[in-house]
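Each remark here refers to the structure printed beneath this line.
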Amino acid sequence: VPAAEHQQPEELVEIVLGRRAVAQRFLQLQQAAVEEILVVDRPPYAQDPQAQSPVETEALLRGVRVRGVYASEALDVPGALTLAERLVDAGEEARIGLDVPTKLAIADRRLAILPLTSEQDEMVDSALIVHASTLLDALVGLFDLLWRTAVPLVFAGGSGVPPEGIRTDVVGSPDAQLVALLSAGMKDEAIARQLGVSLRTVHRRTSRIMQELEARTRFQAGLLASRRGWLGE
Numbered sequence: 265v266p267a268a269e270h271q272q273p274e275e276l277v278e279i280v281l282g283r284r285a286v287a288q289r290f291l292q293l294q295q296a297a298v299e300e301i302l303v304v305d306r307p308p309y310a311q312d313p314q315a316q317s318p319v320e321t322e323a324l325l326r327g328v329r330v331r332g333v334y335a336s337e338a339l340d341v342p343g344a345l346t347l348a349e350r351l352v353d354a355g356e357e358a359r360i361g362l363d364v365p366t367k368l369a370i371a372d373r374r375l376a377i378l379p380l381t382s383e384q385d386e387m388v389d390s391a392l393i394v395h396a397s398t399l400l401d402a403l404v405g406l407f408d409l410l411w412r413t414a415v416p417l418v419f420a421g422g423s424g425v426p427p428e429g430i431r432t433d434v435v436g437s438p439d440a441q442l443v444a445l446l447s448a449g450m451k452d453e454a455i456a457r458q459l460g461v462s463l464r465t466v467h468r469r470t471s472r473i474m475q476e477l478e479a480r481t482r483f484q485a486g487l488l489a490s491r492r493g494w495l496g497e
């Protein structure tokens, strides 16, 4: 890697200790990005996710492309879906991934941060900073793989929910959003809150959609819906 040719191995990786220090380095990574920020979002966190929103919005406003892969459990956090919708409205490209192994952020494919904390811990209190190296290349490859296999996170865009049994096969339609949330493994209760409908309605619409798609599992429904173009590119 050209950028790492004159660096010693110990200079390619840093360890950051303490929640405040980890949160600060993530903030700096976002602020320093010029072209692109790649994010894999899943619990635990070093700070309230709501606090990160203004920094990402500022990055989007200055023309930085932001792509995010959300673990389904990240969207179970209270307020997370509302925040994700706000960021998508601001320009973030968002998808929901299955079996997301770790949280991760990469700026301009030149610098990455990922936690050393295990998923059993309640908060991130240590992190690894990775500079240009073959390890960073591997992390970029991990993001690219997660992105390709993730399902687009779509929102109804304030168009309202159509009468029961009526669907429009377009990106952003309520049924497209439902399929995306289902295939990503989100709980029915969380889906009902996001769509503003009852749990019974979610069950009824899920049954109808899976029957129409001839899908046996929720993930299969996502794949079949994607092939039909419901979920965009």
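Residue numbers for the sequence shown follow my numbering, beginning at 265 and rising by one.
We treat Cβ as the ideally placed atom computed from N, Cα and C, and that holds for glycine.
Contact check, L488 vs T470 under 8 Å by CB: the rounded distance? No, L488 and T470 are not in contact; Cβ-Cβ is about 14 Å, not under 8 Å.
Determine whether the beta carbon atoms of I360 and S336 lie at a separation below 9 Å. yes
Going by DSSP, which residues form a beta bridge with E337? For E337, which the question treats as bridged, DSSP gives no partner whatsoever.
Between E299, K451, L378, L445, which has its C-alpha nearest R329's C-alpha? E299
Quick one: using the 10 Å Cβ neighbour count with 16 as the cut-off for buried, is E275 buried or exposed? exposed
G493: buried (16+ other C-beta within 10 angstroms of its C-beta) or exposed? exposed
Between R457, L392, F483, which has its C-alpha nearest T346's C-alpha? R457
If you drop the 5 nearest sequence neighbours on each side, which residues of the same chain put their C-beta closer than 8 Å to that of R289? V280, I377, A391, I393
Can you give the Cα-Cα distance for I430 and L477, rounded to whole angstroms? Since pLDDT at I430 reaches only 32, below the 50 mark, its modelled position is unreliable, and no value is offered.
So for A414, helix, strand or coil by DSSP? coil
Pairwise C-alpha distance: V364 and Q480: A quick correction: the sequence has Arg, not Gln, at residue 480. Spanning the two alpha carbons is a distance of roughly 23 Å.
Beta-carbon separation of A369 and Q294 under 9 Å? yes
For V328, which of helix, strand or coil comes out of DSSP? coil
Could you pull out every residue in the same chain whose Cβ sits closer than 6 Å to the Cβ of I455, ignoring the five residues on either side in sequence? L445, V466
Per DSSP, what kind of secondary structure is P307 in: helix, strand or coil? coil
Buried or exposed, going by whether 16 or more other CB atoms sit within 10 Å of the CB of L325? exposed
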